[in-house]
Every structure is written in structure tokens, then in C-alpha cells.
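Worksheet for the structure shown next.
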Amino acid sequence: MVGLLVLVSLAAGETAWAQDAADARGRVPPGMVVWETAGAEQPQDSPQLLAAGEALYGIRCAICHGKQGDGEGPAARFMGSRPRNFRRGIFKFRTAKPDGLPSDRDLFRSITAGFPAYGMPSYRYLSDRDRWSLVHYIKALVAAGAEEQFRRDAAEFDEEVDPAELQEFVDSMMRPGTPLSVPAEPKGGDLDAVARGRKLFQTDTYQCVRCHGPKGQGDGPSAKELQDDWKNPIRPRNYTLGLAYRKVALRRQDVVRLILLGIPGTPMPSNSRPTESSRGTREAWDVAAYVEHLTAEARQGSK
Ligand code: HEC
Ligand code: HEC
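Shown next, in the form of C-alpha cells:
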């Protein structure tokens, strides 16, 4: 039954994904979640909302993410990428820096979009309120994980748990990350952006090629030896399969954000250059243009 469910959701993900691949340069295909706009209104947090989230989580999410949110649900071992362990509080896809949690909207977006390529379906069909309830419940799991960690550390040192210190620790783990703004594309010079981006892709400053390979196929020299923070092997993304891996639009500005932020929990590094000088900004937009170009090129080649 579980296997069947997973297969069905994978198949559904792939059809929708193939449609996305028909999208032209830089535009957002229908059905894609856009970073900034996913999820209009957030209902006030309340015990009812949290309880609704807990119930829904048990039905829809626990099978992969585990009842306790530890990523060890019964279907977890069938996934190409491990379901997230929410109790660690590490999240990959976000508009807020990893100095804290992703924004609520970031979590809402991930739930809306799903990770079809990795087996997590899109939950767009749930009402906005249901998805927000899940956001709140996931945060409750992060808080529970922080408390657990504090108590474990205290036990290890044979210390009494001071409730005030415990609360302080949990609060510190629940702080939202600093919102990240993407510097606007500098005017002019778009004509050569791809050529410049191709060069930058290979440089020591950016090192994209080390992991993603010269054509973005995920076959760079370091590709085989990468591990994520959970100690699972991880492969750099193969762009030739399309950028729409996650049903979240990956426009040039989104790639610039990725360069700035990296992907927390994975070896994909962050690079602050794009915000440090106008030259850095130009470079990041050029690299993004090249990423887009590689994807478009691969798409044409496969027709
Ligand atoms: C079929 C398995 C499966 C189901 C069911 C599932 N997920 Fe996931 N989920 C995954 C996998 C695999 C990942 C990791 C993807 C990655 O690392 O790229 C993930 C990642 C996530 C993330 C992390 C995003 C980030 O930024 O790191 C969130 C949030 C999430 N899931 C929420 C949910 C919620 C809420 C539900 C239920 C409504 C759910 N998932 C159901 C497999 C699943
Ligand atoms: C040390 C290895 C490494 C380097 C260097 C690296 N990446 Fe990545 N990148 C990864 C890994 C691993 C993933 C897949 C993460 C995942 O699946 O969760 C990834 C994913 C991506 C994605 C897909 C993100 C998404 O949201 O789906 C893009 C785009 C990307 N990288 C672009 C770049 C660019 C551009 C550079 C150079 C500025 C670069 N990467 C440098 C390892 C690397």
C-alpha cells in the first residue's frame, strides 16, 4: 500500500514536471509556486490550529517524516532523499538566512510545492488554513526537538534542568532567520551574460563546476564524495533534468538567492559576494543566466 502510494505520487510529480519543462526562458510555468507569493494570508496561531495541524500531520506526513518528526517514518527508506528530520530545525529551502528558522511562508511554500522528484507530493489541494496548520505543527516539532536536545545535554553532564534556561534555549532555536533580499539585476550587459556566467561557473570564487560539472549535469569532480548534514550521501543537482525539481520556480533572482544562501544542511556553499559590491551582484546574475541557459540547452537537446 505504501509502495503504491509512493509510486502514484512519483508518477504524478513527473507528468507535471515534464509540462513545466516546456516553459520558455525565465518565465514561470503554470502550476509552479513562486517564491515570494506562495500563501497569501496566515491565520492567527491558536491551540485549535495547532491541534488541526497535528491531526493532519498524522494522516499525511508521518508516514515519511515520522510520528515524532524525526524523519524516520515507515516509508522513509524508500525515498531517494531522506525526509526531513524536523526535530533538528535545519531547513534547506528558504528566503531567510540560516541564523534562524526559515520564515513561515518558506515552510508553507515547501508544503504547497512538495518535492515531487523526491517523492513528497504537492499539498496544494489542501486548503490554505490546513497548510498553515501544518506550518505551525512543524514548528512545534522543532521546539520539541530543541527541548529534547537541552534535556539530553543536561543529563549527559548530570545537571538539573532549569526551566528558565530551557525556555531560553528553546526560544533561541525558534528565532526566525534574518530575511534575505536579493540585489536587483544591474542594468545593461545582458547580451554577454551567459558567456560571462560560463566563465564564472568555473572559477575558484564560485566553484559551481566542482560539484555540478561543466554542463550542470551534477558530475563535477567532487560530486561522488558529498554528504549532507545528516550524513547521507547527496548528489549535486543535475540541471539537464530541468530546474523544476521542486515545483518551485527557479528564476534568475532565485538562483542569485541560492548563491547568497547556499543550501543549509548540504555542501552547497553560501557566497556573500553578490551583496558586497556591484561587481559581485553582476557576477551572480551572470552565473544565474548561465544556469538558466544550461537548462534551456539541455531541454532543446532532449527534444
Ligand atoms: C512520500 C514521502 C513524504 C511525505 C508523505 C511528506 N514528505 Fe515532506 N519531505 C520528504 C522528503 C524526501 C523531503 C526532503 C527533500 C529534500 O531534502 O530535498 C521532505 C522535506 C520536507 C520539508 C523540508 C523543506 C526544507 O526547506 O528543508 C518540509 C517542510 C516538509 N517536507 C513538510 C511535509 C509535510 C507538512 C508533509 C505532510 C503534509 C510532508 N512533508 C509529507 C518526503 C515526504
Ligand atoms: C560543494 C558542492 C557544490 C557547489 C560548489 C555548488 N553546489 Fe549547487 N548544489 C549542490 C548540491 C549537493 C545540491 C543539491 C541539494 C539538494 O538536493 O538538496 C545543489 C543544488 C543546486 C541547485 C538546485 C537548487 C534548488 O533549489 O532546487 C542549483 C540551482 C545550484 N545548486 C546551483 C549552483 C551554482 C550556481 C553554484 C556555483 C555558484 C553551485 N550550485 C555550487 C552542491 C554544490
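Residue numbers for the sequence shown follow the working numbering, beginning at 175 and rising by one.
Idealized CB from N, CA, C, for every residue including glycine.
Because the structure is a prediction, the values reported are computed rather than measured.
For residue i, the three-state DSSP class (helix, strand or coil)
i	result
GLN401	strand
ALA196	Low confidence applies to ALA196: its pLDDT is 30, below 50, so where it sits in the model is not reliable enough to give any reading.
PHE265	coil
ALA225	helix
PRO388	coil
PRO448	helix
LEU374	helix
ASP393	coil
Short Cβ contact (8 Å threshold) for residue i with residue j
i	j	result
TYR231	LEU308	yes
CYS155	SER396	Residue 155 is absent from the structure shown; the chain starts at 175 and stops at 477.
GLY263	LEU275	yes
LEU223	PRO217	yes
LEU340	VAL461	no
VAL478	ARG261	For residue 478 there is no data in the structure shown, the boundaries of the chain being 175 and 477.
ARG305	ILE285	yes
GLY392	VAL465	no
GLY243	HIS310	no
LEU354	LYS266	no
ALA463	GLY371	yes
LEU468	PRO441	no
THR352	ASP273	yes
THR449	PRO360	no
ALA250	CYS238	yes
Test: residue i CB closer than 8 Å to a CB of chain B
i	result
PHE331	Of the chains in the structure shown, none is chain B; there is only one protein chain.
>> Check whether the region 285-304 and the region 246-254 touch, using three or more Cβ-Cβ pairs below 8 Å as the test.
In response: yes
>> Please give the ranges of any beta strand (DSSP E) in the region 324-358, keeping only runs that are unbroken, at least 3 residues long and fully inside the region.
In response: none
>> Would the region 361-378 count as touching the region 436-449 if we require 3 or more Cβ pairs under 8 Å?
In response: no
>> Ignoring anything shorter than 4 residues, give me the alpha helix (DSSP H) runs that lie fully in the region 270-307, in order along the chain.
In response: 278-287
> With contact counted as at least three CB pairs below 8 Å, one residue from each stretch, are the region 398-408 and the region 324-338 in contact?
Replying inline: no
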